[in-house]
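Asker:
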Amino acid sequence: MDSEENATSCPVCRDIYSDPRCLTCGHSFCLKCLKVLAGNKQKFPCPICRFGVDLRHTNVDQLPKNFVLCNVIEAKDKKQPSLCSAHNKSLDLFCRRCDVVICSKCLTMRHKGHAIEDIDTIFSERNNNIESISKTVKNTFKKWNDALQKQSDAIFSYLHQERDKKRQVFSKAERILEGSMSTVTELDIEIRELRTKGISFAIQILQDIQACFTPPDTLVLEVYAPWIEEAINNIKPIDMADRQARPGRHTIAEIQEENFILK
Numbered sequence: 124m125d126s127e128e129n130a131t132s133c134p135v136c137r138d139i140y141s142d143p144r145c146l147t148c149g150h151s152f153c154l155k156c157l158k159v160l161a162g163n164k165q166k167f168p169c170p171i172c173r174f175g176v177d178l179r180h181t182n183v184d185q186l187p188k189n190f191v192l193c194n195v196i197e198a199k200d201k202k203q204p205s206l207c208s209a210h211n212k213s214l215d216l217f218c219r220r221c222d223v224v225i226c227s228k229c230l231t232m233r234h235k236g237h238a239i240e241d242i243d244t245i246f247s248e249r250n251n252n253i254e255s256i257s258k259t260v261k262n263t264f265k266k267w268n269d270a271l272q273k274q275s276d277a278i279f280s281y282l283h284q285e286r287d288k289k290r291q292v293f294s295k296a297e298r299i300l301e302g303s304m305s306t307v308t309e310l311d312i313e314i315r316e317l318r319t320k321g322i323s324f325a326i327q328i329l330q331d332i333q334a335c336f337t338p339p340d341t342l343v344l345e346v347y348a349p350w351i352e353e354a355i356n357n358i359k360p361i362d363m364a365d366r367q368a369r370p371g372r373h374t375i376a377e378i379q380e381e382n383f384i385l386k
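In our numbering, the protein residues as written are 124 to 386.
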């Protein structure tokens with residue numbers, strides 16, 4: 124297939140164009156081929172450059188017709204030469220003013236004085252124009268795509284940074300919480316130790332008082348016992364579990380029993 128035949132052949136079906144339609148990227152295809160490519164989809168890529176074709180607000184039948192290709196194919200059909208319907212002569216000329224292919228007879232009659240070119244010249248010229256437009260569209264698309272990619276990268280980078288900041292904040296909060304829990308635990312241990320020492324000290328005082336009286340003076344114990352019990356209750360913060368398990372105030376005997384257990 125020579126270059127001329129290649130230019131008049133559909134890239135999809137490889138036959139001479141049948142009702143050629145233009146895509147936004149500048150490439151042309153047979154209407155029937157485009158219908159097969161589109162199917163029921165709202166978008167499909169150009170088979171040549173992969174540029175997206177959007178059919179959400181239109182359809183394949185409404186795609187613009189490539190009249191240049193139509194005229195060129197009509198004039199360059201080798202199997203059945205196109206003839207002028209008025210003069211039965213080959214359509215081998217092109218009238219620039221009227222933008223139509225004509226025969227030599229038309230030139231001397233209805234197109235006299237118009238700018239006339241050989242059909243081969245027009246074919247090459249229009250084909251170059253199509254390639255130039257296609258190149259411009261591709262370059263524009265590349266610029267838009269590069270700008271979109273740059274913007275997308277910037278957004279991704281921003282989201283990545285924000286995610287890292289959140290992780291740092293959560294990590295710091297977790298460390299602070301762990302430190303606070305450790306401090307609470309240490310304070311609880313210290314309170315328990317002070318409680319144990321206070322109870323032991325109070326019981327020791329009571330035992331010292333008892334030792335001073337032989338035999339023990341019940342009256343003296345009755346005088347000091349409430350004071351000792353009050354001191355112990357002030358030192359020992361009785362938690363809810365202790366209150367539920369052993370309601371009422373602790374007696375000296377119970378405190379002594381606890382002290383023996385602690386020892």
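C-beta atoms are modelled at their ideal positions from N, C-alpha and C, and glycine is treated no differently.
Check whether the stretch 141 to 154 and the stretch 180 to 191 are in contact - that is, three or more C-beta pairs closer than 8 Å.
Answerer: Judged by Cβ distances under 8 Å, the stretch 141 to 154 makes contact with the stretch 180 to 191, as three or more pairs qualify.
Asker: Which residues mark the beginning and the end of the alpha helix (DSSP H) in which residue 166 is found?
Answerer: Where residue 166 is concerned, there is no enclosing alpha helix (DSSP H), although the beta strand (DSSP E) it sits in stretches over 166 to 168.
Asker: With burial defined as no fewer than 16 other Cβ atoms inside 10 Å of the residue's Cβ, what is the status of residue 256: buried or exposed?
Answerer: Burial call: exposed.
Asker: Taking the continuous alpha helix (DSSP H) assigned at residue 230, which residues delimit it?
Answerer: 227 to 231 is the span of the alpha helix (DSSP H), which, as asked, contains residue 230.
Asker: Given a cut-off of 8 Å, decide if residue 206 and residue 216 are closer than it, judged by their beta-carbon atoms.
Answerer: Not closer than 8 Å, so no.
Asker: Considering only residues of the same chain and omitting the five flanking positions on each side of residue 197, which have a CB-CB separation below 6 Å?
Answerer: 205, listed in sequence order.
Asker: Does the Cβ-Cβ distance between residue 166 and residue 178 come in under 8 Å?
Answerer: Result yes, Cβ atoms of residue 166 and residue 178 sit closer than 8 Å.
Asker: Assuming residue 159 is part of the beta strand (DSSP E), what are its boundary residues?
Answerer: Run containing residue 159: none in the beta strand (DSSP E); it sits in the alpha helix (DSSP H), 154 to 161.
Asker: Contact check, residue 224 vs residue 194 under 8 Å by CB: the rounded distance?
Answerer: About 5 Å separates the two Cβ atoms, so the contact holds.
Asker: Pull the bridge partners of residue 223 from the DSSP assignment, please.
Answerer: Residue 223 is bridged to 218.
Asker: Can you tell me whether residue 156 is buried or exposed, with buried defined as 16 or more other CB within 10 angstroms of its CB?
Answerer: With 16 or more other Cβ atoms within 10 Å, it is buried.
Asker: Going by beta carbon distance, what residues of the same chain come within less than 8 Å of residue 264, once the five residues before and after it are set aside?
Answerer: Cβ within range, chain order: 148, 174.
Asker: So, using beta-carbon positions, are residue 176 and residue 152 closer together than 8 Å?
Answerer: No, the Cβ-Cβ distance between residue 176 and residue 152 is not below 8 Å.
Asker: Please report the residue range of the beta strand (DSSP E) in which residue 239 lies.
Answerer: Note, residue 239: beta strand (DSSP E), 239 to 241.
Asker: Assuming contact is defined by CB atoms lying nearer than 8 Å, are residue 248 and residue 219 in contact in what I supplied?
Answerer: No; because the gap between Cβ atoms is not below 8 Å, this pair is not in contact.
Asker: Within 10 angstroms of the Cβ of residue 279, are there 16 or more other Cβ atoms? Answer buried if so, exposed if not.
Answerer: Counting Cβ neighbours within 10 Å, residue 279 comes out exposed, since fewer than 16 surround it.
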